[in-house]
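The next block holds one structure in the form of structure tokens; read it before the comments.
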Amino acid sequence: MTVRQRLEALADESNADFLSRLLPGVEPETVLGVRMPALRALAKELRGTDEAAAFLAALPHRYLDENNLHALLINELAGYEDALAALDAFLPYVDNWATCDALRPKAVKKKLADFRGRVDGYLASAAPYTVRFGIEMLMCHYLDAAFSAKQNEQVASIRSEQYYIRMMQAWYFATALAKQWDATIPFLEQRRLEPWTHTKTIRKAIESYRISDEKKAYLRTLK
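Right, here's the structure in full:
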């Protein structure tokens with residue numbers, strides 16, 4: 023049984039309808055509705071196999087579910103260079119937030135200093151979901167010990183009409199407020215974000231359990 027056939031056997035029509043409503047621009051007929059736990063289990067089963075390697079090489083895919091599985095398989099790659107090559111091959115085909123947000127390769131944690139230069143390239147891309155991926159990588163890997171104030175400037179400077187880029191900017195800054203408050207709060211005090219992103223950042227930060235009530239009260243004064 024091929025990987026596609028295995029995914030087709032896991033199809034869930036009700037979940038497919040649900041996902042199609044959440045993913046504007048994705049053709050409903052390309053959504054099988056395989057649930058994420060089943061996709062994760064399949065990725066664990068396939069990782070490191072010749073079958074997985076063949077699947078990763080077989081771009082483009084037909085189904086959203088194949089792309090989501092592809093992202094999860096990249097996450098499981100052990101080699102840093104292998105992960106970079108897989109990202110370079112796959113990112114041009116990422117066309118929705120669900121696939122983009124599933125893509126969190128573990129191998130990049132081994133060489134965060136080197137990967138940082140790659141992230142700059144993602145942020146400069148003309149492809150919206152490559153930009154979203156780049157912001158997501160900053161949020162996931164560079165808001166703790168590897169943090170640099172420069173990255174707040176980079177994310178704030180991105181100007182886009184793409185909803186899913188702006189939403190990721192807000193998500194990034196809300197997370198940055200939780201982890202790097204002193205370096206981040208000036209961007210809201212000085213209103214350096216676009217108005218929509220400014221408002222959404224505050225809303226998401228106020229909803230966060232990682233930010234104190236005192237800081238949330240202050241954020242409300244900056245709306």
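Residues in the sequence shown are numbered consecutively from 23, following my numbering.
Using N, Cα and C, we set each Cβ at its ideal position, and we do this for glycine too.
Note that the C-beta distance between V25 and A38 is not below 9 Å. At a cut-off of 4 residues, the continuous stretches assigned as alpha helix (DSSP H) that sit fully inside the region 202 to 231 are 203 to 211 and 217 to 229. According to the DSSP assignment, T152 belongs to the alpha helix (DSSP H) that extends over P150 to H163.
The beta carbon of T223 is closer than 6 Å to those of A192, F195 and A196 in its chain, skipping five residues each way along the sequence. Sequence-distant Cβ neighbours of P50 in its own chain, meaning closer than 7 Å and more than five residues away, are S42. Runs of the alpha helix (DSSP H) spanning 4 or more residues and lying entirely within the region 29 to 77 occur at 35 to 44 and 58 to 68, in chain order. Taking the C-beta atoms as reference points, V130 is found no nearer than 9 Å to A149.
Inter-residue distance for N118 and Y85 is about 12 Å (C-alpha atoms, whole angstroms). Between the alpha carbons of A227 and E73 lies a distance of about 43 Å. Boundaries for I233: no alpha helix (DSSP H) harbours it, and the DSSP string shows neither H nor E there. In this structure, the CA atom of V48 is about 34 Å from the CA atom of K132.
Taking M161 as the centre and dropping the five residues before and after it, the same chain places the C-beta of W193, Y194 and T197 closer than 7 Å to its C-beta, in chain order. Judged by beta-carbon spacing, R138 lies within the 9 Å limit of Y164, meaning their Cβ atoms are closer than that value. Cβ neighbours of Y151 within its own chain (closer than 6 Å, five residues either side excluded): V116 and C122. If you draw a straight line from the Cα of L199 to the Cα of L109, it comes to about 29 Å. Here the C-alpha atom of L113 lies approximately 16 Å from the C-alpha atom of K128.
DSSP places F137 in the uninterrupted alpha helix (DSSP H) bounded by L134 to L145. Separation of the CB atoms of L68 and L95 is rounded to 6 Å, and the pair is thereby assigned contact status at 8 Å.
Secondary structure in the region 86 to 127: the alpha helix (DSSP H) runs of 4 residues or longer, each lying completely within the stretch, are 86 to 98, 102 to 112 and 119 to 124 in chain order. For D142, the closest alpha carbon among the candidates A111, V177 and A168 is that of V177.
S230 and L241 have their C-alpha atoms spaced approximately 12 Å apart. Counting C-beta atoms within 10 angstroms of its own C-beta, G156 has 16 or more neighbours from the protein chains shown and is therefore classed as buried.
Membership of Q173 in the alpha helix (DSSP H) is indicated by the continuous run A171 to S179.
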